[in-house]
Every structure is written in structure tokens, then in C-alpha cells.
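Take a look at the structure set out below.
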């Protein structure tokens, strides 16, 4: 397929977050998925013994430009890394125009395909199908391809995060709750928590992607046209054959009216962006001039204001984190309000929304990868911040340890005095009845990190290969 | 627990959809979950060998009013069907007031509990915990209880829908796409599709509920306080013991900063409401005066306008379907923008939102159950509608059958003539070259329902007991 | 400006609703707005007497390619109808790439502009400004241009709708509530209500557009850089001069941290889509095969299913109506969570969201215009539907008229009998004590349309020129 | 009205933000609004000369318990401060139950009212009205009352903020962009910006509240029932009379199908929460342990962790800021998807959503008031933070001042050296060619605050009484 116009650059100037991934979500890619779905259908007809293999080979050869017999599987058309190769000259801008007139792009595409294939193949173009069969299936292919790339990025991010967590396993830092220093934690545990969020999201996404079903139901979801053409048994076998050829899950039943494949995918993408948004929120906060514990390696600078180390990656991820929940909700609104055997608007609302959500998730996963790879920890800032409240960051520990010896009331007095500015170590040292207590050890934040190290180790030890068995 | 004020009636006049389920989501119920979490923590300390059993028994007895030794499991406090029984007089309205001052209800509750238990038990109240440990855990108990009731309702609805689908397995009706008659389907297949949507949502919800984790991390998520009190090994065992006592999943790690347990639950609830919203959209549409294929048994009447049979159940479900996606999205926004070891607002946004979502899902599941139980099909209206377009509802079939005999162009002419008002059967009968064709059979919608019956049978045959093995 | 790549086709295959308006919201257009903002700033410096006029003329000439002295106002750069004409070769794809690296497109653009102007003009490029000054201002120009086109379309739609309402002023039809026939209304009143919704939205949008402010605050919103360069008084005059040159409202103060200009615009756009969504919901419903009261002139057909007259325009509008509320909400989330003197993500989330909302509103306004222009009423279907319930559609009237004569109980009996199938006119005729009542008149729906005609007339009479005085 | 059950405490334990304002949004209050609407309708019938005054007096007396002749206006029933006083015993819990059965509370309420008034008044109860007339009107009364209280709170907050801004007019502080120190600003200007956001929101809300219309259209929006009862002219006068009696705006036309009164109110409430959310975001950030510039007077403490000064007020406001956009969007979804003369779900979705939004806005306005009244500035922390980057916070100024003297390249070198740790003042002092420059003055942040003081003064000088003329 030689497009006459370049791939759409979808948002460019106004959504910098997504550039670089547009290729996966561009109109050309979606057109390739539509075509793959059409070829897959013809081939499925052959698979169930109804279409002559010659006709289907001729159909595919004419569309893909690859001599029949050597016709590739759908992978070459939709595979994320494969180049789109076609014998067909597709005028994408005209296809878009015609799609607008007809309400969806399948109708004009079928016309183009019919005109492009030899006589023998013509009856098998779009045979028995309705537009929604092709469009929904193409959407699943499109989403599946993008999600596969996304999963690879999330796995790489998981590795990078795990490594980061291990590298900073014992770097003690202030844990903050409601913006205030609470107790000590470690840089490593914070990163381990980030990792767990990413891992959970990736697992759920992988689960969802595995279950993305092909769609094949005909005009009303009864498969009547397929049964009319090939008989009931062939029609009953067709969806699974079609799905397998395209690398999708076999549908239990047509899902034209039940949109969980779309909403479950949207939810998983939102969860992915949530997990990355949490990382970005922490990185942006810990990069603040006053905190300075983290810095993005490629921090955005300003020649006029060299003191600035803008956490530019986090900023873009956070902008996506603000947007993604609303996009996922749009898919639910569409699903919840759909009516009839094909709804009058809800279906159409899914397409641009799911694409934008895919783009955002791909974009921020890329951003997050770059961010973590180059993220630096300023150990001195970490230590200085940790010391900001004197020993008060371990006041919880002081209470636990000393209350049995001094009574809770007296411990409160000591802590209150420290809160008012006195030196807590000196107070402890001076207190009668604490002879066995070493104030330095008691007040050492590094001795009050609980299971932080263990939690990092468990994360790192958890092999979690994403396979059938252990998911 | 004898509350001095009656259970809150949460929305009453302004959200009629939810009444009847408020009990499960009322403040008293949530207070019971908070108390169960506190008792569970004390008992977990005993379980891991740190707290003396006597002290914990005394604690529980004082709070529940049940003599120590006979102290019940958490079920009696949180079980959906069990009555809340307590030795403690809890002034709920004051607790609410104090919760507002402090930002969450755990702080004042702990004060009340400490004042209510004997000296020996006092140290084990809230031992080592932070407010979030108790509140998050209570939220999971609260949600789990409500979701259990919801699942039972969805299962009953699945049965009712399946029965409805089987009863109308062969009742041929018009399938509509983009508001227009397309091809025939059956009343049974439409209901089978509804059922599949409900079943999928229920499976996902059940999956999610099984994984709802207890929360135990201490002030910063390191479990340092627990380790300080009981040693690292006891602290490491504590979360699983705590979870098991409460019937929750053992957490892989503290999830104070990773909010997937909340968003996954929200997503599953939204998916549930989506599935019910789809049913309601169809019922409301098919109940229209002009369509009249369905009628709610308890259709709202109007003495002034007796012609009205308002689909009141569908209307309330649809109102929930409009609201639920926005509520689920709120949970994602909170998750995506959370920061630090406890965020400054995002955490608090989850509570009322998750509760409202639970209430909506419970309310509409109840409504849907009632709706389906009493839903009637007007067979005559179904048949009349099906006949509205003459034989054109099977024009797709005519095309498939006759094109090979007459050529596509001629078939288009015949269909166009029928579209313009001529009798399609007569046209077919008059057409040369169609001698073997019986127009009555060709144009009989009942002979063009494809796999509709089979799809109903598969649904009904699918036992789908929700067990570990087959999910 | 000769772009080396064609304008982005923003959503194409996956969002057919918006094609045809992309030009107004394309990256090239936004780039032109950025450039206009930069030229405007230089000119404002001249206006307040600080920049030499020669330098500014040279700057503009170099950028626009128009000889100095003949330099146009900003209109030619941003005016919706004017062509973008520039002396500058702008490599848009590289600008987009650099924007991603830096987080916003202003930084690389300034570099390009500085390199493009003569020495004398160079200091006046971006003089004193921060990226946000230019980007926010450009966003207002961009939105204002698009909204101006949108308002013209809404005004045309108002005219078409008013004409439609007048043409069908007395065409009696069934009013439906909760899907059921209630009482009579008119086709004209229904359209008048649509018009009022559109008019209200347009008025609010016009109000909002008039108030779109320029942004000028410098790096921290203090205008310190401008004061340093030109003195406090010049700095104080600069924003108003800048705004006036660009045709924007003078800001009361920098609004970098207060995002009402963005959210108010988003709200007005959502309200616009709401109003059009309501029209589409009614048209789609009244186009149903069973209702058939309305048909879109350009109804999407299907050669295989000639009975279908898909309300394709309504379907696309409804898909936008599902999406727009979520987009407008995204802008509020960004505003509500913004922090500091420039937030770390919330600002960036506004750009693509506002653009998409503009595109949707423009797209559906175009669709709605075409829809109404070609919308046809099937008078026979309207009358048949109206008669569907016998006289029961005026049962409310029967009650009002006969209750004083027969008592409410007896009237209920009569109506109930009619509800059960008896002929209401015959019942009335047979009833003793109703001698003066003419059943035909009593039961004539055309005599029970209340103020429907008057409400249409008031709408049509209302001149409502959108001027300062009468708004 | 003596309710037999106490007012609902709507969210209590799970939404601490709203307690204290529940009274204004409780079911009892809404019931009072419903009753006021019914009384208003009867009185409007008298006003237009159709209902006998005696009958209406008797009706009102029976319902309110106030002797006829002394019957109060609607104020006493709905006035925010007035106590609800009624002769009628209203069983609210039963009303709620019956509302659920019928889908809305008006139907059972009318039954109760009819049973409560003397024979002579009975025909004038709910005369000619449909449920929606009463419910929509009551919703506007309910919202108007709550919004009036809200506006008073916003005005008080405006005063407090303005005072705060003036008090800190010249307190120089670091402005932060993308989390990094940028240039100096003042504490006062930051607060002035907050104030402008609140003021804009309040103005818009006031505008909206003034335009909240009564609803009167009858079953299909034609006012046919009113015309049938009182003639067309009386029917035409009725809505304005009704509106005036209730203190609402006269509707241009029935708005049963055009829901801008609901969405515009929702948008204004969301904008209000946005403005308060921005304040809370800044306060929470500036209260961070490391920043410490602000502290909430009633900062939530922790006896175990005395170092914590939780910004509890900000946290609750931020939780509302996360929720409100989604609630406002729900109203748009309902408006955009409404159909027919009364939609099958969209209408019902508005009620609980609008109430929750009112409660959130009222709650956070109260919180914000308390927060600002007690907000303290730690001047030392402000100064220390300002000095954190050495003189680099004025590097923009250094560039502006020195580039003409040294050339831009040399200035960049100096600033870069300072960025690398050298003392900027010393560098400037040592630089040849800068003899006239006083490094202390040049690098003094207080001399680089631009128009900050002026912007505060303008805010304070702006009297902005909210009157017709100057809005």
C-alpha cells in the first residue's frame, strides 16, 4: 500500500506527549488493519472449506502485491514491526472523505477492494460481513498491535524500575503523608511500589490483550448471512477460524451489542497511565527546588533561568494522567448507553477515544522509560531532607520504645519538647530510666525502615514471567 | 453497637434508584467495617504470637459485647446478612463530626475504642497501625460485602435472563442497526446477548472481589512500627494473618500508594452497570408506544394518561448508566494523581465515590432483577413490527440467494422495486429463471435467523459455575 | 509560511465526524497563531513606545514575507478565512519534534524566528515573554477563530431551525415522555425547543469568546521582565495593547494560574454539543423504522438493505455528544488541580483537549446544519402515530373537561374502558350528562396543543441580534 | 412539617468534607422545595385570576399550618435560614419509598397534599401540572437556596483573601514553574490571583443563579392543560406569575427538553470548586515540610508524629476538586443524550448529581473560608527558600540588564558559572565593564517583582459590588 499522503501526525504541536508513537496509531495503520480483517475473512472462508483456495490466494495477492502462494499471514500487514506492503494504491485522504459521508470507512474500502481484485476473487471480498464485523475486528488488531508494543515498553520499564529499586534499596529517605514528613522509608521501596503498580497494570493489560476477540456476526449478530452462504456448520466454525488467522481470541458470541472488549481494554490502559502518573507525581514533587532528591537526566533547562531543572518527562506524563480517566470513561458511557443491534452513536464514539487512549499510554510509557533510565538521586539532598525535623521523623519509634519504660504521657512530653525545638537526643540522654537506651541508635532513621529492604528484595526476586501458568 | 441515630438514608428523594440497598452502604455498616478491621488487627497480633490471647479476647468482648472465648469471627460484624451486634455504644453523629475535624474517622474511633476496652487490651487497640491501614481495609470489607450481595443478584439475574432467552428462543423479531430494521433476529438471542454482558461483568467482579487485599503498612508503608513491636518476622507475617482473619486477600505489599484495588473494583462496577444499562436501553426502546414489543410488568402508570406504560425500571437503570462511568473515572483520577506515601486529597476522593458506585450497582442490579422477572413480550407487536418493511427485512438473503441466479444488478432492481412499494413475493414469483424458488420460504424471516437458536442454546448449556477451576 | 508537509488530518478514519473542519484546528493553524502572538508582542512594544517602529516592521516583514510598511494586522495570519502567508519556511514536523523534547513548541519557534529576522529586529522577538504568554495567547486566538466560524454556523442553524419550526408550526404530533405517548404537541414546537437550546448555547459561546483574554505575565506572572525592559508604566500598558492588536480581551491580570478562560470556553463548547446532541437524539428516534416521522435527506443507505434510512448525521452528532462532556471535564480537572505559578502537567493537558473539543463542536455544527437543511417530515407517519392510542392521547383533556360534569371517578372509568380497548368517542357519546359535548372536538388532538403555536411564534419573533445591548 | 425521622446525614463517615452543610441539601429541604412549588402553583392560579383566593389560602394554610391570610411567601419554606414550619406531618421515609416505586417523589407527594387540604382547595393542588414542572422548579429553588449561601461564603472568602493579599503585598517569595524556582513574586500576588479566580467563579455563579428559571409546561411542554383550565391567556401568564412568587426567573419557554439551567449551574459550581482547588493545591504544596512557607492554622496534628502539620483543610478541598469535574460532566452527559419530551433516564440522573455538586461546593467554600482565616505565613521560610538558588532566581533580570553591556554570550557564561556554584554577586563585581552596576541591587529579588504590588492594589481597589450595573 503506497499511501499518496504522509501518515497523519495526529496531534503534534498541541500534544507533544505522543509524538514518536503516532506511527502505531496512524490512519495508515488502521487502514492496514481493516485490510487485514478483510483478507482474514476471505481466508477463513477457505479454512472452513467454502471458498476456493485459489480465489482467496488471488484476492490476497491482488491486495498485498505478493504473488499468490507466497501470501503472508496477517502479521506482515498488522505486525507492529512489519512494514506495510501492498499491491494496492490506497488513496487515504479520499477514503477518509468517503468514510465521513457514509459514517464509517468500511463501506468505501470494500468498493476499492472489489475493484482491485480479479473476477474470481470478487465474491469473497467482505463475503457475508457487515461493516461492524470488519471495523470491530480491525480495532482489536490495531489495539492489539499497539498494546503489544506497550507491553514490551512496560516490561522494559519494570526491569529499569526494579534495577533502580535495588540500586537504592538501602537509601533512607523521608516518607511523606499529606505533604508532611512521617517516618523513614527508602528510595528503593518507593521505586518498588512504583514497579508493583506498573507490573499489575501490565499483567492486567496482557490478560486483556489475550482476550481481545474477533467480531463476526453479520448485519444483526445472528450470522445468518454466513449460514446462508456456507451452511450453519460452516458459519458456526467461521468466527474461530477468522480469529485464529488474525491472532485474536475466538469470540464466545458476537459482541456487537456488548462492548466489554472495548471497555476492558480502556480500563487496562487507564490503569497503565495511572501507574505511570503516580511515578510522575512523585518524581515531579521530589524534583522541586526545595526537595531536590530526584532529577530527570534530561531535565528541561532554560538558558535564562539556569537554576531550573524542569522535570519535563514527568510533566508530560502527568498531563496524560489528567486526560486518560476521562477517555476511559467515554468508552463506558458509550457501552452503557448502547441500544439495538448496533447503536446510533455509541459505537462511533469508541473509535477516536480508544485510539487517543492507546496513543497516550504508548506515549507515556515511552516517556517513563526514558525518565527512569536517566533518573538521578541526589543522595545528599535525600539525607538533608531526612534530617530536617531533627529526630522527629522517628518519633513514632521513640513512642513505641520509650512508652513502656516512661509511660506514654512522659514520652509525649519529650516529643513535644523536641517538636518545640529542643534536641531530642539530648532529652533522651538526660531522661532517667533510659540507661540501656542508645539515643543515636534509637534516633537513627536507618534503623527504622521496617521491611523496606525485604519488600524490595521480594519484588526483585519475583520472576513474574508473564505466562499462562503463573498469571 | 446501638446507634443513637437511625441509619443514614443516603440519597432518598433525589436518587430513588438506590433505596433498599442503603443498609449495605450506610455509615453504620462502614463503622462496623472499621471496627472489624481494628479487631482483626488485634487478633492478627495474637495469631503471629505477639499479643496475648487474653488481651485480644478481652478487647473483642468489650467491643462486640460478646463474652470472650465466644468471640465471633469478623463475619458477624461485617457479614452482609448478619446483624451488627456490639457491646459498644457508638455515637455515630459525633464520630462523623470528629471525622470532619481530623480528616478521617479512624482517629476519633480509636479514641472511643481505647476508652471502651479494659486496661489489658488497651495497648492492642490499633497497635502499630496508621489510619490508612484501617480505613483502606475497612473499605475493602465494605466493598466486598456489598459486592457479594451484588454478585448474588447478578447470578439470579443471569438465571432469569437465561430462562427468558430460552423461553423466547425462536420468537423472530426485527434486528435494528442505527435505528433501522436490518435483518431478523430473535427475542431470545437479544436476551442471550444481555446475559453474556451480565455474565462477563459478574465474572470480572468476582475475580476482583477475590483479590481485594487487606492493607497493612504503617505510617509510611514500611511496616516499621509492626517490626519495632513484634520483630521483622512477625511484621512480615502480620498482613497475611490479618487478611485471612478478615476474609480478604493477602497483600503482596502495602498498596497505600498504588490504588489498583480501588480502580479495578470501580471498573468492574462500571462494567456491571454498563451491562445493565444496555438491557435498560433496549427495554426502554422496545417499550416505546410505537414498538410495544416489551413491557415492564410493573410499568409505571398514570391515571390521567392510561395509555402510558412507563418503563420505570429501565429509566432508573439508565439514570445510573449515565452516572456510573463518571464515578469510576473519578477513582482513576484519584489514582493517577496520587503523590507521596499518602496523597493530599486523592485518597479522600475515593471513599464517597466508591460508596456511591457500590450503591448504584446494587440498586440497578435489584431493579434489573425485578424488571426481567416481570418483563412481558407482546408477540403480536413483535410480528407486526417484523412485517413492517414487507419482505425487505430479508433483502440481504434475497441478494445472497438470487444474485447467483439473476446477477447482482437484476437483484438490485427487484429489491429497489420492493423498496419503492411493490410486493417482493410477487416480483420473485414473476421473475423468469427462479422456478425452483419458493418466495414464501425465501422471504420468511423465521428462515433467516442464522445461528440465533444455537447461540441461545450455547448460553444456556454453559454451566459457568463461578469456581476457581473454570474461571 | 510554506509548510513542507501537508496539514495534519487529525483523526480521519477513526473520527469521521470532524473531517472538513480540520483546517481550522490543524497544526499549521496553531503555528500561525503562535507566530501572530509573537508579532503582536513586538508590535505592542512599539505601541507603548519602547520598541522602534522600524525594528518591529522589519521583524514582521521578515516573518510574514510582506514588505515592511505594508505589514498586515494579525487578521491575515489568524483570520479564519484568510490564507496564511509567510516569508518564513517553517518545518512543521521538526518543530513538533523539538516541541516534544522541550515540552512546548514556543521554545524552538523562538529560535527559528530569531534566526529569521534581521539583526535590528532580533531583540524584539519574544521580548520579555515566557513560553506560556505566547502559548496561552495563541490558544485564545486559535479558539477564537474556530469559535467565530462555529458561531456563524450556529446562527445559520438557528435560522434553519426557526424556519423549520415555523413551517411545521401546526403539525400536530405525539409528545412522548419516558418513551410513551403523553399528550399532543407539534412538530414545530419540538423544533422551537431545539432552537432555543442552540440559541442559548450560541449566546453563551459568543459571550465567552468576547472575553477570551490575551496572556502576558512573564515567567512568574509579575510582568517583571517587561517592567525591567520598558519600565513599570509601559509594562502596565503592554497587556492591553497586545490584546487589542490581536483582537482579544485585555486581561484584568495574568491568568497563568487561573484557568477560567479555558474552562469557560470548554463549558460553552460542551453546551453547544449538548444542544445539538438533543436534536440528534430526537431525529434518530423519530427516524426509527416504526416511528418514521422524520428522515434525514441524506440518510445513509445500504444497497443490500434498501429498507434502511440510516440517520447518519444524527449518529455522528450523538457520538460527539457522548464524548464532549468528558473532554470539557478534563479541562476542569486540569484547572482544579493546577499548582504553582505554572503547573506540572495540568497546563499541558489543556491543549489537545481544547482542540479536540473545538473540532467536535465545529464538526457537529456542520453536521447539524446539513441535517436540518435536508430534514423531511413524513406527515402521514406523524398522523398515524398520533392516532395510535385512539383518543387516549388527550385523556388528560378528557379528565379536565369531564370531571366537573361526571365526577373524577366516572371519568376514570371511561378512560380505563378506553384503555382496555373500547372506543372513547362512543363512550363519551353514550354517557348521560354530556349532551353539550362534541366528542370529535373533545378528542381532536389538534385542539389540545395549548400554547404550542404561540411558543413557535415567540421564537420566530424574537430577533435576538447578538449585540452588546440585548445580551 | 415535623419529620418523623431525622434529616439524612448524607455522606458522613465517607465524605467528611461536606458535613455541616447537609442541612441545606437534605431530603427535608428538598421536600420543602417540592411543597413550596406546589403552593406557588396554586397561588399563581389565583394571581392570574383563575383560582379563588379563598381556596388557595385554605390550601396553603392546611399545608403550612399557618392561618390563612397570614400565609407567608415561599421564603419561609425554602429560605436558607428560615426554619421549615408546617402543619403537615410528612412521613419522609415513606415518601422516599413511594418515590422509588413511582420513579419520582412528586406523585406520592401530591397524594399526601390532596389528602391534607380541605375540599375547596383540593382541585388546586398540582392543578394542570406534570411531575416535572414541580420537580424541576423545586430543584431550582433548592439549588438557588444553596447557591445563595454559597455566594455569601464566597464573598466572605473574597474579603479574607483580599485582606490576606494586602497584608502580604510586599512579601517577596519564589515563583515556581514546572516545580522549579523561576523568578520572584510576592505572597500577596499569589493570593491576589487566588482571589481573582474565586471572584470570577462567584460572578458567574451569581449570574447563573439569577437566571434559574421556574418550570411550567405540563405533560408535553405545550401548557395545554393550563390553557384548558384557564384559557390560553391565563396559561401564558402563569409561568411568569409562578416564577415571581417563587423568586425564580420567568422561563422564556418550558425547558423540559433543554437542560441548560442544570448544566450552566453545574459548570458554575465546578468553576467554583476549581478556584478553591487551586488555592488548596498551593497551600498544600507550600505547607510541605521542606517548603514550610504556609501553615493551616488548624493544621491536623498527630500525637505520634508531632513534626506533622497536615494541611487538612487543603486535603479535603483537593478531594472535592478531584470529584467535581466528573459530577459536572455527568450533567452534560444527561443533557446531551436526552430525548423526547421527557427523557428515559437522563432527567433522573441530574438530581443526585446536582445535589452532590452543591454539597461539595458548599463544603469546600466553608473549608476554604476557615483555611484562609487561619492561614499563617512563615516569613523566614519564605526568605530562606527565595535564597536557595543564590542570585539565580533573578538570572532573567541579570540577562536583561547585563546583555546590552557584556553581550549575551558573556552573560550566559557568568550565569552558567553561578549555576555551577560560584557566587554571582562576586562574579558581577569582578566583571570589567560593569562599574556602574551595584550587584546587591541587581541581585535583590525584592527589586524584581515587577507589577506584583500594583496587581494586588488593583484587586483591592476593585470594589466589584455584585450588582446589575457592573457585572
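Protein chains in written order, with our numbering: chain A, 20 to 490; chain B, 20 to 490; chain C, 20 to 490; chain D, 20 to 490.
C-beta atoms are modelled at their ideal positions from N, C-alpha and C, and glycine is treated no differently.
C-beta contact flag for residue i and residue j at 8 Å
{"i": "residue 390 of chain B", "j": "residue 211 of chain B", "result": "no"}
{"i": "residue 205 of chain B", "j": "residue 226 of chain B", "result": "no"}
{"i": "residue 460 of chain B", "j": "residue 466 of chain B", "result": "yes"}
{"i": "residue 540 of chain A", "j": "residue 413 of chain A", "result": "It is not possible to answer for residue 540 of chain A, since the shown part of chain A is limited to 20 through 490."}
{"i": "residue 67 of chain D", "j": "residue 256 of chain D", "result": "yes"}
{"i": "residue 330 of chain C", "j": "residue 303 of chain C", "result": "yes"}
{"i": "residue 146 of chain D", "j": "residue 64 of chain D", "result": "yes"}
{"i": "residue 493 of chain A", "j": "residue 69 of chain A", "result": "One cannot answer for residue 493 of chain A here, as it falls past the ends of chain A, which runs 20 to 490."}
{"i": "residue 292 of chain A", "j": "residue 339 of chain A", "result": "yes"}
{"i": "residue 139 of chain C", "j": "residue 74 of chain C", "result": "yes"}
{"i": "residue 214 of chain B", "j": "residue 184 of chain B", "result": "yes"}
Start-to-end residues for the alpha helix (DSSP H) that takes in residue i
{"i": "residue 258 of chain C", "result": "251-265"}
{"i": "residue 304 of chain D", "result": "279-305"}
{"i": "residue 458 of chain D", "result": "458-461"}
{"i": "residue 448 of chain B", "result": "443-449"}
{"i": "residue 50 of chain C", "result": "46-66"}
{"i": "residue 83 of chain A", "result": "72-83"}
{"i": "residue 182 of chain D", "result": "150-186"}
{"i": "residue 438 of chain A", "result": "427-438"}
{"i": "residue 477 of chain B", "result": "471-480"}
Residue range of the unbroken beta strand (DSSP E) whose run includes residue i
{"i": "residue 124 of chain B", "result": "Element bounds for residue 124 of chain B: n/a, residue is neither H nor E."}
{"i": "residue 191 of chain C", "result": "191-196"}
{"i": "residue 199 of chain D", "result": "199-205"}
Expected contact under 8 Å - CB spacing of residue i and residue j to nearest Å
{"i": "residue 239 of chain C", "j": "residue 202 of chain D", "result": "4 Å"}
{"i": "residue 344 of chain A", "j": "residue 348 of chain B", "result": "4 Å"}
Proximal chain E residues relative to residue i, where beta-carbon distance stays under 8 Å
{"i": "residue 351 of chain C", "result": "Included in the structure are the protein chains A, B, C and D, with no chain E among them."}
Contact list for residue i against chain C, beta-carbon separation under 8 Å
{"i": "residue 438 of chain B", "result": "325 and 326"}
{"i": "residue 310 of chain B", "result": "307 and 309"}
Under 7 Å by beta carbon: chain A residues contacting residue i
{"i": "residue 357 of chain B", "result": "297 and 300"}
Listed by chain order, chain B residues near residue i by CB distance under 8 Å
{"i": "residue 255 of chain A", "result": "470 and 473"}
{"i": "residue 135 of chain A", "result": "Here the premise fails: no neighbours, minimum Cβ distance about 18 Å."}
Segments of 4+ residues assigned as alpha helix (DSSP H) that fall wholly inside the segment 336-418 of chain D: Contiguous alpha helix (DSSP H) elements confined to the segment 336-418 of chain D occur at 365-392 and 398-405, taking only those with 4 or more residues.
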